[in-house]
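See below for the structure under consideration.
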């Protein structure tokens, strides 16, 4: 079984609630919206990602016979619920922000409109999918803003939280502007450019570092990227200079060297000089090793002659903010708007739309969150993507989403383009929505 | 396809290195060891977890025809490599610490002995599997130490990093001593006890909070757990007291109430009094809402009358330390010990064993890391688990590992049982290993 597509990838409370809903025949239309309550530390914007996986999950969702049998064996569930789950398919509507869209707290990024039990059952996996990819795209975008035209590569599969996290991190970071990933399966699954170098073990497995470089070059003549910090970085650079003429006679060029430890700026400057003086001005330098957007900024500011960067753990775990404070909340049931008023966790009720308004120079000025009944001027950010369980369009290409992300980043106000800002973006709650919240609060005891 | 079991869940550099190894016929026996370089912040020990998934991956690994075809289509790989990958199976040996074992930096938790290309190919997924579950078990164990006999439940699937992370987090936290999880599929896959309550949406979908409580009780008469903070916590507790007699007439008891926001200690005390005075002394209180081991310690120290705790995001993302500084390093090739000397990242060479020595009272005293040729006194922590690609024993039950973990936690010195310590555990590097490192350094240029 592929656990990633199971409907039982959910919290038990969804099933206990479903049992009550089914028995009480509470199956009228519910409206849930997913939004982020507040920005994580060190973030000034979010980038929507993961919608494609949500839609695929909704299209494919069904409870298998083995799962039904197991549910029955637990003795927890009545036959009413088991009958409801058997043959259940997603038949609802979805409105959502397109992947690559930049958004902010309090703005719904996705709305599900479906019979209450169905809309409830899918909560856990929808949050699970959108929280992760949105978090990674938002993290990756920060490095992209810092790096400008310098290519960035995802090297973080090994410390991503499992297989799916590694694949989704490759996807979300590519969407946000990374050049590619080292994760081979992400290349196969999502057609993302893949990048690879060599490991220290390759050098260690040889008794001679130069022999290691030569063997690698012969095996990958089109893509010679040599790791030079296993023993002594500058000494290894000299070895490459000495090796290069004989490789060149065989038509092989040293495309790149990789630095992975120590003071990267200092090593890069020394290695650049050795390569240049050794007749290898076209050999590029790739840097890696515990990098994040702050290290990147520091290295770029120091004018280190580094041609590309690989980012691993900090990216794929979103190390400084490994979750979003996101929630999937019931905003309307059977035509009646509602909201939660728990301390510190109150939400805005009803179906909402987000309108973005722009400055004269085209940059984002502010957003307005309003009820769908009271539209504002500006660009609406939520669009219908699924009706009655069917997609409204074929899935967009990842490259298309990547172009949207780049266009969005280009329109960010300067204040939000730096790694830290103390001025949050202006998200306004329209009067119509404030009025609705007051009305809802008066109705509920 | 189930992406979780693909051999292409690896870094591209493994394949580029493999191409060179195969072409140079460097297929002699390699020894790789996986260890953690240093403790993450706020950790004083680690708990080994994830071995079962590593062994399952090694038993099942093979490159599919579709994967071979895709690899060929990239134009990056020679037919020598593609032929090597076709029909490749894991034929090596594995020695490892059993799951639930407590260990420390510099101590290998796993050793792979296999032909060099094979041992290299599996690096990425092995780290990916062991890093995550070990990190989660180590995080969960902290809450277990704080909570003592009070049950803890994993509520963190929604913000875990994808499907696999959610499932593995449920497994690793149960192994470390949690009572169970809300993740239904983890119940089915790993036979972990599952727990469930209700969501705010359940209350909101009703126009009346008492009606919501009653409907839930009728649907789950054996397991009535009511969430009481949707609007006003104490008012909801009074509603339950008023509802209880009519439920009791139908043979239904209110087993538990759940608090999920606000000052949990204050609410728990007030709610306890309302329940006790209302004739519901046996109704228990479950607390949740952004909890971690520090909140747990504070709530327990405040004598809050809370009977169980649910922990979500902080657990399943290991929020304060979302990765381990772990590495899988070549320690020997073709009978020749080796090590990496990169700045700040040097490793100890050769095949190693860890011996644990105990104090008079049975607690851990110190560990010694030594070469396998020079055994020390004490308990050896690494054991053979796979030979020639076959397991040496049937997979142990998760409950068995859980008992081992509990026994290990009971033997921790008091200094390591607190949430913060400034005295690291004593891990000694045996003279034999220091001598070997010197010898290796003299041989390599």
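Residue numbers (our numbering), protein chains in the order written: chain A, 484 to 928; chain B, 484 to 928.
Glycine residues also receive a C-beta, built at the ideal position from the N, C-alpha and C atoms.
What you are looking at is a predicted structure, and each value in this text was computed from that prediction instead of being measured.
Asked, Found
"Applying the 10 Å Cβ sphere with the 16-neighbour rule, what's the burial state of residue 623 of chain A?", "buried"
"Report the residues of the stretch 596-607 of chain A with a CB closer than 7 Å to any CB of chain B, ordered along the chain.", "599, 603, 607"
"Can you tell me where the alpha helix (DSSP H) with residue 696 of chain B in it begins and where it stops?", "692-702"
"Name the DSSP beta bridge partners of residue 922 of chain B, please?", "Paired residue(s): none; residue 922 of chain B is not in a bridge."
"Which whole runs of the alpha helix (DSSP H) in the stretch 703-742 of chain A are 4 residues long or more, in chain order?", "716-732"
"Please tell me whether residue 662 of chain B and residue 634 of chain B are closer than 8 Å, where the distance is taken between their beta carbons.", "yes"
"For chain B, check one thing: does any of its Cβ atoms lie closer than 8 Å to the Cβ of residue 919 of chain A?", "no"
"Considering residue 637 of chain A, what are the terminal residues of the alpha helix (DSSP H) in which it resides?", "Here residue 637 of chain A belongs to no alpha helix (DSSP H); instead the beta strand (DSSP E) covers 635-637."
"Could you tell me the alpha carbon to alpha carbon distance between residue 527 of chain A and residue 618 of chain B, rounded to whole angstroms?", "29 Å"
"Are any of the Cβ atoms in chain B nearer than 8 Å to that of residue 802 of chain A?", "yes"
"In the DSSP output, what is residue 663 of chain A paired with across the bridge?", "A:636"
"Within 8 Å (strictly less), CB to CB, does residue 687 of chain A reach chain B?", "yes"
"Considering only the alpha carbon of each residue, which of B:556, B:631, B:595 lies closest to residue 548 of chain B?", "B:556"
"Taking residue 759 of chain B as the query, report the chain A residues whose CB atoms sit under 8 Å from its CB, ordered along the chain.", "Those within 8 Å of residue 759 of chain B in chain A number zero; the least Cβ separation is about 23 Å."
"Does the beta-carbon distance from residue 629 of chain A to residue 779 of chain A come in below 8 Å?", "yes"
"In the stretch 484-496 of chain B, which residues sit with their C-beta less than 7 Å from some C-beta in chain A, listed in chain order?", "485, 486, 487, 489, 491, 492, 493, 494, 495, 496"
"Using only the alpha-carbon positions, how far apart do residue 859 of chain A and residue 620 of chain A sit?", "28 Å"
"Pick from B:509, B:863, B:539, B:529: whose alpha carbon is nearest that of residue 895 of chain B?", "B:529"
"So, with DSSP's three-state summary, where would you put residue 901 of chain B?", "coil"
"Would you verify that the beta carbon of residue 553 of chain A is, or is not, closer than 8 Å to some beta carbon of chain B?", "yes"
"Just the chain A side, please: which residues come within less than 7 Å of residue 678 of chain B by C-beta, in chain order?", "495"
"The stretch 821-843 of chain B: which residues have C-beta closer than 8 Å to a C-beta of chain A, in chain order?", "821, 822, 823, 824, 825, 826, 827, 828"
"I'd like the span of the alpha helix (DSSP H) that includes residue 767 of chain B, first residue to last.", "Counting along the chain, residue 767 of chain B falls outside any alpha helix (DSSP H), though it belongs to the beta strand (DSSP E) covering 767-770."
"Taking all protein chains shown into account, decide if residue 639 of chain B is buried (16 or more other Cβ within 10 angstroms of its Cβ) or exposed.", "buried"
"How long is the line joining the alpha carbons of residue 670 of chain A and residue 912 of chain B, rounded to whole angstroms?", "42 Å"
"With contact counted as at least three CB pairs below 8 Å, one residue from each stretch, are the stretch 649-659 of chain B and the stretch 678-698 of chain B in contact?", "no"
"Distance, Cα to Cα, residue 761 of chain A vs residue 752 of chain A?", "14 Å"
"Buried or exposed for residue 485 of chain A, please, with buried defined as at least 16 other CB atoms from any protein chain shown within 10 angstroms of its CB.", "exposed"
"Find the residues of chain A that neighbour residue 610 of chain B, judging by a C-beta separation of less than 8 Å, and give them in chain order.", "641, 642"
"For the structure I just gave you, are there three or more beta carbon pairs, one from the stretch 811-826 of chain A and one from the stretch 510-518 of chain A, closer than 8 Å?", "yes"
"Within the 8 Å Cβ cut-off, does residue 581 of chain B reach chain A?", "no"
"Please give me, in chain order, every unbroken run of the beta strand (DSSP E) with length at least 3 that falls completely inside the stretch 544-613 of chain B.", "576-579, 593-598"
"If we ignore side chains and look at the alpha-carbon of each, how far apart do residue 808 of chain A and residue 558 of chain B end up?", "43 Å"
"Using a beta-carbon distance below 8 Å, is residue 649 of chain A in contact with chain B?", "yes"
"Using a cut-off of 9 Å between C-beta atoms, extract the partners of residue 698 of chain B located in chain A.", "503, 504, 506, 507, 509"
"Counting only Cβ pairs nearer than 7 Å, list the residues of chain B close to residue 747 of chain A.", "Going along chain B, no residue has its Cβ under 7 Å from residue 747 of chain A, so there is no contact; the nearest lies around 10 Å."
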